[in-house]
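Numbering (this note's numbering), first residue to last: 574 to 758.
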């Protein structure tokens with residue numbers, strides 16, 4: 574069954590402004606600017622007043638109503654990123670061979686050595702706008718930025734580069750794991 578009109582409203586905080594052209598949304602805040610293109614979704618996005626974004630779907634089936642809440646969640650994540658920022662904390666876990674970790678900020682690259690005693694060098698690239706650096710705590714990596722998708726992509730690439738293959742994962746727990754997902758403030 575189709576419903577005639579479904580709408581959801583996203584409120585903007587005082588420090589955040591939004592620019593909407595068609596289905597393209599640009600959110601400006603104290604930490605920067607994030608842009609997102611929703612032109613592949615059959616929704617209408619409009620700004621009502623100074624601090625409200627109205628997202629609506631006409632003649633929506635259940636699947637198109639799901640895209641409505643997905644769009645609002647993505648806009649809320651953009652607002653969260655430009656106001657407080659996104660931070661992931663990761664831990665280097667090893668039983669015997671200590672994992673060595675280096676970052677190259679100019680190349681946007683991470684080098685991992687001595688994983689399970691292997692001599693090969695693992696190079697992981699991460700997108701621009703993401704900062705990766707070691708924490709003051711031993712064997713901890715901090716990944717932060719403004720865009721939730723790029724920060725989580727960088728953390729996932731780091732995690733997947735150091736996974737056990739062809740072994741029992743209950744016994745061999747070595748790897749790099751996400752321990753905390755928080756904001757920068």
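For each residue, glycine too, the CB sits at the ideal point set by N, CA and C. What you are looking at is a predicted structure, and each value in this text was computed from that prediction instead of being measured.
Asked: If I follow the unbroken beta strand (DSSP E) through residue 632, where does it start and stop?; Found: 625-633
Asked: Enumerated in chain order, which unbroken segments of the beta strand (DSSP E) with a length of 3 residues or greater are wholly contained in the segment 597-670?; Found: 597-602, 605-610, 617-620, 625-633, 659-666
Asked: Report all residues from its chain with a CB closer than 7 Å to the CB of residue 579; omit the five preceding and five following residues, and keep chain order.; Found: 629, 630, 633, 638, 641
Asked: If we call anything under 8 Å between Cβ atoms a contact, is residue 687 one with residue 677?; Found: no
Asked: Spell out the partners DSSP gives residue 580 in its beta bridges.; Found: 629
Asked: Below 8 Å, can you find three or more Cβ-Cβ pairs linking the segment 648-657 to the segment 731-745?; Found: no
Asked: Hey, how far is the Cα of residue 697 from the Cα of residue 622?; Found: 44 Å
Asked: Using only the alpha-carbon positions, how far apart do residue 757 and residue 708 sit?; Found: 13 Å
Asked: I believe residue 705 touches residue 727 by the beta-carbon criterion, under 8 Å. Please report the beta-carbon distance rounded to the nearest angstrom.; Found: 6 Å
Asked: Please name the residue, chosen from 691, 701, 663, that lies closest to residue 710 on a Cα-to-Cα basis.; Found: 663
Asked: If distances are taken between C-alpha atoms only, which option among 719, 597, 611, 626 comes closest to residue 657?; Found: 719
Asked: Would you please state the rounded distance, in angstroms, between the beta carbons of residue 598 and residue 616? I believe it to be under 8 Å.; Found: The Cβ separation is near 11 Å, so there is no contact.
Asked: Looking only at its own chain, which residues have a Cβ that is under 6 Å from the Cβ of residue 695, when we skip the five neighbours before and after it?; Found: 685, 734
Asked: Using 8 Å as the threshold, is the C-beta distance between residue 576 and residue 596 below it?; Found: no
Asked: Alpha carbon to alpha carbon, what distance is there between residue 672 and residue 689?; Found: 8 Å
Asked: Is the Cβ-Cβ distance between residue 681 and residue 701 less than 8 Å?; Found: yes
Asked: Under the assumption that residue 716 contacts residue 661 (Cβ atoms under 8 Å), give the Cβ distance between them as a whole number of angstroms.; Found: 4 Å
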